[in-house]
């Protein structure tokens, strides 16, 4: 059973969103997603300053067997990318909700987050998908 | 297990499943008028008849003395190159689908990549491309992906780049919204005019394409061009002749190290000169190399060296997550193969010659062309078009239209060069000539004597 922290919100494409103290949001991919991808060998995060819209592909995670786009769950401006992943993509496998975060966004549309799944909904979604 | 697909039973079974009466019915949606209809072909011939026909056709070529270069070059190919290349173990033009089962093929490609890196001074090479022109098109597409400082899809293309390459790049990359701007050349020196870049300073440009030696055979000011590009956050794409690399400064060393940006960013070119015979329509092969920083944006296959579970060295296809079979529609490019057999020949050619042998070939080409230009320009009505230093080609200016002169030379068994009048009307009656190491003193004498004769007799006629 994969780890699904209760304080985060989730997408059907397996991104997570954490609301930070300063009003920005951090974005990564779920424990389920990293497990399904396998050992990551390359992670590309968006450039700081890039404007993203909800649903737009803006990061790439590449494992030995697959490469996937990561979609921004929210609209806004990228204010940070996790530079540590360039040298250590395995951080994303080891700690998908912590050191393996991908990028942070200053949102301009709070409604985007309201449409995301809670941890319980995401757990049900995974259980349904597995059927 | 039977390996014969599509037996009549198989076909009938499949048609039944999809509910269609005949195979022809599958093509119903193609309008009648667009179909090929009946092909008007002569009756089939037996092997002996075909052999005779082709031998007659081949004999009609004669044995001309060739002084045409312009992108495809006549070099001596040592006999072992194709004797080894056509061994059964190598004689497959395709990267095997179960690539890692063919360690010998992968090792050869790995060695090839290492040699291309050594020749160009770059960090990483792919397993080859289809030809030089399409390699340039792919380099342009790659530059647009790789240059994050630019948001436009504009590329500066020196007018001294092979016009056929420019045309292919525009055909392929132009369809993807890339706009090409032409950079003019110095009329007296025959190389890219640095001042003609100035209007683009500060503009949003993705890449600058230069060719070394350029299409005229002249040497570009590669250091200055590279520095200018990097000063303006523009990637430098170098189109190079691999034989010339044995004498010239490699693109990886162009420019200055200011800002850690020493050298060209993408290097590509035609590999035919490395052991592949001249043939109309090829097959030839393209090569491409880049900085490690851009490796994920590079098209094509890449072979890597690794170790197996027991620590033994081996070779595998690597960075495949860029490719179509994994990335699907978002793949780095739609190139998912290489030009395997030609690369095999090139790798064996380079192995046999080594660095010293390649340098001697290049030095001989340089000398032969210098000899040729000196001999031809001693003829009344012939002079060099440009003053820049050159490698193994030169543009000559005639005092009369080029085409009739070339036709008269051809009747004497000499292919005297390429008429540039249509491609570069601004130069005048311009003739591009080339002499590689295959041209002996007697050949150059023969060309000079024939040209003198043609020039005198056509003047007499005029």
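Protein chains in written order, with this note's numbering: chain A, 2 to 132; chain B, 748 to 1209.
Where a beta carbon is used, it is the ideal one built from N, C-alpha and C, also for glycine.
Which residues in chain A sit within 8 angstroms of residue i, going by Cβ to Cβ distance?
i                      : result
residue 895 of chain B : 48
In this structure, how does DSSP classify residue i when only helix, strand and coil are distinguished?
i                       : result
residue 858 of chain B  : helix
residue 751 of chain B  : coil
residue 13 of chain A   : coil
residue 138 of chain A  : Residue 138 of chain A lies beyond the stretch modelled for chain A, which goes from 2 to 132, so this question has no answer here.
residue 55 of chain A   : coil
residue 41 of chain A   : strand
residue 966 of chain B  : coil
residue 1132 of chain B : coil
residue 5 of chain A    : coil
residue 1184 of chain B : coil
residue 973 of chain B  : helix
residue 31 of chain A   : coil
residue 85 of chain A   : helix
residue 67 of chain A   : coil
residue 1155 of chain B : helix
residue 1166 of chain B : strand
residue 999 of chain B  : helix
residue 835 of chain B  : coil
residue 19 of chain A   : strand
residue 776 of chain B  : coil
residue 1138 of chain B : coil
residue 1174 of chain B : helix
residue 762 of chain B  : helix
residue 950 of chain B  : coil
residue 80 of chain A   : strand
residue 986 of chain B  : strand
residue 940 of chain B  : coil
residue 49 of chain A   : coil
residue 1191 of chain B : helix
residue 961 of chain B  : coil
residue 994 of chain B  : coil
residue 757 of chain B  : helix
residue 26 of chain A   : strand
Below 9 angstroms on C-beta distance, what does residue i contact in chain B?
i                     : result
residue 43 of chain A : 1043, 1066, 1068
Along chain B, which residues have their Cβ under 7 angstroms away from the Cβ of residue i?
i                     : result
residue 68 of chain A : 1068, 1073, 1074
residue 63 of chain A : 1068
Who are the neighbours of residue i on chain A, taking C-beta pairs under 9 angstroms?
i                       : result
residue 1077 of chain B : 58, 61, 68, 70
Ignoring anything shorter than 3 residues, give me the beta strand (DSSP E) runs that lie fully in the stretch 1043 to 1130 of chain B, in order along the chain. Secondary structure within the stretch 1043 to 1130 of chain B: the beta strand (DSSP E) runs of 3 or more consecutive residues, fully enclosed, are 1049 to 1054, 1060 to 1065 (chain order).
Assess, as a yes-or-no matter, whether the stretch 856 to 870 of chain B is touched by the stretch 1007 to 1021 of chain B under the definition of 3 or more beta carbon pairs within less than 8 angstroms. With the cut-off at 8 angstroms, the stretch 1007 to 1021 of chain B and the stretch 856 to 870 of chain B touch.
Only counting runs of 3 or more residues, tell me where the beta strand (DSSP E) segments fall wholly within the stretch 1002 to 1038 of chain B, in order along the chain. Here the runs fully enclosed are 1013 to 1017, 1033 to 1037.
Could you give the uninterrupted runs of the beta strand (DSSP E) lying entirely in the stretch 781 to 823 of chain B, keeping only those of 3 residues or more? Complete beta strand (DSSP E) runs here, min 3: none at all.
Start-end ranges of the beta strand (DSSP E) lying completely within the stretch 846 to 922 of chain B, minimum 3 residues: Given a length threshold of 3 residues, each whole run of the beta strand (DSSP E) inside the stretch 846 to 922 of chain B is given here in chain order: 901 to 905.
How about the stretch 101 to 111 of chain A and the stretch 748 to 766 of chain B: do they share at least three Cβ pairs that are nearer than 8 angstroms? The stretch 101 to 111 of chain A vs the stretch 748 to 766 of chain B: no contact.
Quick one: which unbroken beta strand (DSSP E) runs of 3-plus residues sit fully inside the stretch 87 to 114 of chain A? Chain order, please. As far as the stretch 87 to 114 of chain A is concerned, its whole beta strand (DSSP E) runs of at least 3 residues are 104 to 108.
Tell me whether the stretch 826 to 835 of chain B and the stretch 1066 to 1077 of chain B touch, counting them as touching only if at least three CB pairs, one residue from each stretch, are closer than 8 angstroms. At 8 angstroms Cβ cutoff, the stretches do not touch.
Answer yes if the stretch 1103 to 1111 of chain B comes into contact with the stretch 1070 to 1080 of chain B, meaning at least three C-beta pairs across the two stretches below 8 angstroms, and no otherwise. Counting C-beta pairs closer than 8 angstroms gives fewer than three between the stretch 1070 to 1080 of chain B and the stretch 1103 to 1111 of chain B, which falls short of the contact rule.
Counting beta carbon pairs with one atom in the stretch 1190 to 1208 of chain B and one in the stretch 977 to 989 of chain B, are three or more of them shorter than 8 angstroms? By the criterion of at least three beta-carbon pairs nearer than 8 angstroms, the stretch 977 to 989 of chain B is not in contact with the stretch 1190 to 1208 of chain B.
Counting pairs of beta carbons, one from the stretch 1087 to 1095 of chain B and one from the stretch 852 to 863 of chain B, are three or more of them closer than 8 angstroms? Short answer: they touch.
For the pair the stretch 1022 to 1032 of chain B and the stretch 991 to 1003 of chain B, tell me if three or more CB-CB distances fall below 8 angstroms. When C-beta atoms of the stretch 1022 to 1032 of chain B are compared with those of the stretch 991 to 1003 of chain B, fewer than three pairs fall below 8 angstroms, so the two segments do not count as touching.
Below 8 angstroms, can you find three or more Cβ-Cβ pairs linking the stretch 41 to 50 of chain A to the stretch 67 to 81 of chain A? These segments touch.
Quick test of the definition: if touching needs 3 or more C-beta pairs under 8 angstroms, does the stretch 870 to 889 of chain B touch the stretch 1037 to 1051 of chain B? Counting Cβ pairs under 8 angstroms, three or more are found: they touch.
Are at least three pairs of beta-carbons, each pair with one atom in the stretch 952 to 967 of chain B and one in the stretch 894 to 906 of chain B, less than 8 angstroms apart? Contact between the stretch 952 to 967 of chain B and the stretch 894 to 906 of chain B is present: three or more C-beta pairs spanning the two stretches fall below 8 angstroms.
Three CB pairs or more closer than 8 angstroms across the stretch 1175 to 1184 of chain B and the stretch 1111 to 1130 of chain B: Taking 8 angstroms as the limit for Cβ pairs, the verdict is that the stretch 1111 to 1130 of chain B does touch the stretch 1175 to 1184 of chain B.
Quick test of the definition: if touching needs 3 or more C-beta pairs under 8 angstroms, does the stretch 9 to 27 of chain A touch the stretch 1018 to 1027 of chain B? No, they do not touch.
Does the structure place the stretch 1136 to 1149 of chain B close enough to the stretch 922 to 931 of chain B that three or more beta carbon pairs sit under 8 angstroms? Segments in contact, no.
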